[in-house]
Structures are given as C-alpha cells and as structure tokens.
Amino acid sequence: MTVKVRPYKRSQREGWEVDICVNLPNGEEVRERRRAPVSTKSQAQRWGEGRERELLLEALSRPAEEPKKKEVPTLTEFAPRFIESYAEANRQKPSGIDAKKRILRLYLEPDFGSKKLDQIKTEDVQRLKARLGHRSAKTVNNILSVLGKLLRVAVSWEVIPAMPCRIELLKAPKPEKSFLDYDDLDRLVEGAKLVGWGAHLLVLLGADAGLRRGEMISLRWNDVDFGREELHIRRADWKGIESTPKGGRGRTVGLTKRLLATLKAYRHLRSERVLCEDDGKPITGKTIARWMRQSTRRAGLAVLEGPHILRHTFCSHLAMRGATVMAIKELAGHRDVSTTMGYMHLSPSAKRGAIELLDGPAPSPVRGEILEQPGVGTKKVSSSG
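Heads up, the sequence shown is in the working numbering, so the first residue is 84 and it goes up one at a time.
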C-alpha cells in the first residue's frame, strides 16, 4: 500500500493531489487519485493515509464475488470436439474413428445427447446397460469404453472438474476362436483353386501367412521378396483408406513352399497390388467375401465366418505344431501377448490324440544306477564349518 502526495496542477486552484494504491489479499489492486481537502502537504499525507485505511476496510467488508461458473457442454455439443481434437488429432486409425462416430450416433447421443457432461450419472449409465441387454457383452463394453474415454478427455481438458459417474464394464466371456483342421483347410484350398487365382491366393495369404482382410487388399508385389522368400506386411486398407496394420507397425512373415509357388504362378502386371480384379481394379471387402463364399461352396464345407477364420487357422496350426507364443505373436502382429494366448488351443483331433496316449502301454520306470547301498561299504560324511 502506498500514498503519494504531489502538487495539484489540474486547475488554477492550488492544493495537493493524493495518489493512493491499496493491494488487497486476493491480488486485486484498488487505486484512487483525489485532491486532498487540506492546505499543507503534511496534512495531505495524513489525510491520504486515513483514506487508505478506509479503502482497505471497504474492500474487505464487501461480500466475496461468486466465481463465474464455466458453461458445460452437452454430450452432443462436445462429441465433434472429441472426434476432431482427440481421435483425429492423435491420428487414430480410420476404422477406429468411424467406430467412435457410430457409437456416439447410435447409442450415446440418443440417451445422453441433451445432458450436460457433468450431469451424466452412474444411474444413467446403468440404464443404458439395461437398454442394451440384447447386445453382446463385448458390444456393450465397446460403447461404455467410448463414453468413458470421452468423459476422461473432458476432465483432462478442464471442461468438467471430475468424472461425473462410475462406469463398470461387463464381464465378457472370451469366445472360442474357430479354425479349420488340416483336412478342411486342404479342401478349402482346392475349392479356391476352382473359383480362380484370386480366391486361391486369398486363402493361402490368410491360412499360410496370417494376413488380415485389409492387409490382403493393400499387399503389393514389391512387398513380396521372392529371393528371401518373405512377405513384408506394411499397410492395411479400410474402405479405400490405407494406414499401418493393426497394432501400429508392420511385420515380416516367411513364405511357405505352397504360398511361394502360388505367388510365382500367379504373378501378373495387371496392377501393383497382388490381389485385384481381372481388369486390374482394386478389390474390396465385398470381393473377398464373395471369393470366400464361393470357395467354401466348391469345397463342400459349412458356411464359414469370413476371411478371419483363415487367420485363426494360421495361428492355431502354428500352436498345434509347437511354435512358441512369442513367435506366433510376432508372425501374427499382435500388440498384446494375451491376444496370442487366445489361439493357444488345440483342435478336437489333436485332443483325441492326447487322450489316446492313455490307452498306450505304461512307460518303463526310470531308475538311477545305485552306486552304493547304505550300510554296505558306505561311510557317513559330516561337514564341518
């Protein structure tokens, strides 16, 4: 706090100007300049000091102003910002961004769209879970995960002060991954040959190299190293948009003899892509679904789930032949080893083979050679510290 006195020069009247500055405890500054109602400088100084005390008391006696409450957006208002400034800004995969948009549009906005973010309560979340009772636990958990991520982003951006609700995921049973036994795979390969070169390559790229659907679509001939007999998986397609494979990085897979021979036999100049239509145009997910359907029919197999069963087959056959978990993880391009563990199961025929071991003869007991018998030429040896 300061009081400065100087001659008053703003009119013909003589006197003293008092400049008072009061610093309040909250950091606010109160300043006042006035002509002192006295005649001498010393009187003006005393008057200013008195006025300084008055200003301080007036400021301290005023009721504290309520801080302005930040306007909280509704979920519908915040959703575009979440997509643009979080999902897209962090360069998430197009498929992941599209999934978030669909979940927001189909599930979250109908229930929470008009609610302000800080008004979404735990009971609201439970009602959403009840409404989605006909959906699988995995689908419900995907929806809840998007809601949770959106709210946590809002907290980190200081849009809301804290998480307004508790979100508990459902216990989702791990589905058993179906795959083709050796005989069924051979039948599918033969059926694919009858459909055409594209279907034949498709089946082998999935079953012998573990490619995902988008990786098959994006595979180029310059990704095939015929000299080293390797396949470099560098990109994946999603609705015409290419990005890195799932997991965020590429991988290299060795070629089996039959896949290598098939690639050499079908090598073409129609397109830079390995799989394409006969006129060189890129294939789509619908093309792959058609080839799989036709190959299954020609093989006389039951309707398959889609091309991903080929990848399940690749991982399962590796496990059945004794490949290590880490080797399968690297070849399949899994980000987490827990995903690989889901493939470490055996086919029914392999399980039967294990049970048949019980019907075999009992193994001979394994005994070590007796060098000395107690009490017969033996001597107890004691050790001393």
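Just so you know, even glycine gets a beta-carbon here, dropped at the ideal spot from N, CA and C.
Check	Outcome
Here's the rule I'm using: 16 or more other beta-carbon atoms within 10 Å means buried, otherwise exposed. How should Pro244 be labelled?	exposed
How is Arg303 classed by DSSP in three states: helix, strand or coil?	strand
Per the DSSP calculation, Asp308 is bridged to which residue(s)?	Glu313
For the segment 240 to 258 against the segment 350 to 358, do three or more pairs of beta-carbon atoms, one drawn from each stretch, fall closer than 8 angstroms, so that the two count as touching?	no
Quick check on Lys199: does DSSP put it in helix, strand or coil?	strand
Sorted by chain position, which residues of the same chain lie with C-beta nearer than 6 angstroms to Asp269's C-beta, five sequence neighbours on each side aside?	none
Can you list, in chain order, the residues of its chain with a C-beta nearer than 6 angstroms to that of Lys463? Leave out the 5 residues immediately preceding and following it.	For Lys463, the predicted structure reports a pLDDT of 44, less than 50, and the residue's modelled location is therefore unreliable. The matter cannot be settled from this model.
Between the C-alpha atoms of Ile103 and Leu143, what's the straight-line distance to the nearest angstrom?	16 angstroms
Within 8 angstroms, do at least three Cβ pairs link the segment 251 to 265 to the segment 391 to 411?	yes
Once DSSP output is grouped into helix, strand and coil, what is the label at Glu137?	helix
Are three or more beta carbon pairs between the segment 288 to 306 and the segment 153 to 169 nearer than 8 angstroms?	no
Comparing C-alpha positions only, which one of Ile316, Arg373 and Gly196 sits nearest to Leu414?	Ile316
CB Ala281 to CB Leu358, shorter than 7 angstroms?	Here the sequence assigns Gly to residue 281, which means Ala is not the residue at that position. In this structure, Leu358 lies closer than 7 angstroms to Gly281 by Cβ.
Work out the CA separation of Lys340 and Arg376 for me, nearest whole Å.	25 angstroms
Since Leu191 and Val229 should fall inside the 8 angstroms C-beta cutoff, what is the C-beta to C-beta distance between them, to a whole number of angstroms?	7 angstroms
Roughly how many angstroms lie between the CA atoms of Arg129 and Asn109, to the nearest whole one?	26 angstroms
Tell me which same chain residues have a C-beta within less than 7 angstroms of the C-beta of Ser378, skipping the five on either side of it?	Leu271, Gly274, Ala275, Val278, Ala282 and Val286
Go ahead and pull the three-state DSSP assignment for Gly337.	strand
Is DSSP giving Asn224 helix, strand or coil here?	helix
Would DSSP call Ser326 helix, strand or coil?	strand
Would you report the Cα separation of Leu187 and Leu227, rounded to the nearest angstrom?	10 angstroms
Can you give the Cα-Cα distance for Phe161 and Lys212, rounded to whole angstroms?	22 angstroms
Assign Pro256 to one of three DSSP states: helix, strand, or coil.	coil
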